[in-house]
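Here our numbering is used: position 10 in the sequence shown is 12, and no number is missing along the way.
Backbone N, C-alpha and C fix where the C-beta goes; we use that ideal spot for every residue, glycine too.
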Amino acid sequence: MDAVAALQLLIAVAFLSIPVVRSRYGARAQAAVEAELGRQGVRATVMAENGMRLDAGGHETWAPVGIAVSLAVPAVLGLAGNAWGETLSWVVQPLVLLMNCVILYSNLTAVPSVTAAFAKTGDAELQRIDVRSMLAAAEKGFPRWVMPYLQNLRHAVVFAGSIAVLAVLAAG
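See the structure below:
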């Protein structure tokens, strides 16, 4: 079970990288988006007015921290020799794998998803934003090593680690 716990803690750290990076560089990315919106003739405050932000606030913190905690609990229980560690791992690990599939899908469909979300608001200013350019500006606001490198590394750790956890559990 030590291998399972080590993998779960590694995956937890991968998820914690999200709020850490957003906390450190989110304001810079937000400024880049606001500059892009200004270039497009859209008021820079439109995102904030609609509750959209690039920092570590809201679900960009509670979701990855919650996932990390949900992985740390069975890992710690497993290291302590508590049988609940294995039981919880069988529940948590497939859910983490599924959630990461949703995150990856969201990353891959960001432009159409954000465009559709803006269309649903009824806010004419949001609807005329060139979303592709706005998201490119956000990406450039983060250091080059974040996207795609850290993002892809995180996905690789989560997918490979989760599959390995499930394989070790099945073999055990």
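| Query | Result |
| --- | --- |
| Bounding residues of the alpha helix (DSSP H) (the contiguous stretch that carries Q42) | Element bounds for Q42: n/a, residue is neither H nor E. |
| Host alpha helix (DSSP H) of V98 (start-end) | W86 to L110 |
| Beta-carbon proximity check, Q32 vs D57, cutoff 8 Å | yes |
| Local Cβ density within 10 Å of L110, reported as buried at 16 or more and exposed below that | exposed |
| Rounded straight-line distance, which links the Cα of A14 to that of V71 | 7 Å |
| CB-CB length for P21 against V67, believed under 8 Å | 6 Å |
| DSSP-derived helix/strand/coil call for L56 | coil |
| Element boundaries [alpha helix (DSSP H), containing G68] | H61 to L81 |
| Sufficient close CB pairs (3 or more, under 8 Å) joining the stretch 96–107 to the stretch 23–43 | no |
| Under 8 Å between C-beta atoms of S102 and F144 | Here residue 102 is Asn; the residue named in the question, Ser, does not match the sequence. Against a cut-off of 8 Å, the Cβ pair of F144 and N102 comes out as no contact. |
| DSSP-derived helix/strand/coil call for G163 | helix |
| Anticipated Cβ contact below 8 Å, V167 with V6, distance rounded | 5 Å |
| Option nearest L9 by Cα separation, candidates R130, V75 and M49 | V75 |
| Buried versus exposed call for A140 [16 or more other C-beta atoms within 10 Å across all chains shown] | buried |
| Contact under 8 Å by Cβ, L137 with A112 | yes |
| CA-to-CA distance, A46 to A121, given in whole angstroms | 18 Å |
| Neighbour-count burial assignment, V94, 16 or more Cβ in a 10 Å radius | buried |
| Buried or exposed (CB count within 10 angstroms, at least 16 for buried), L155 | exposed |
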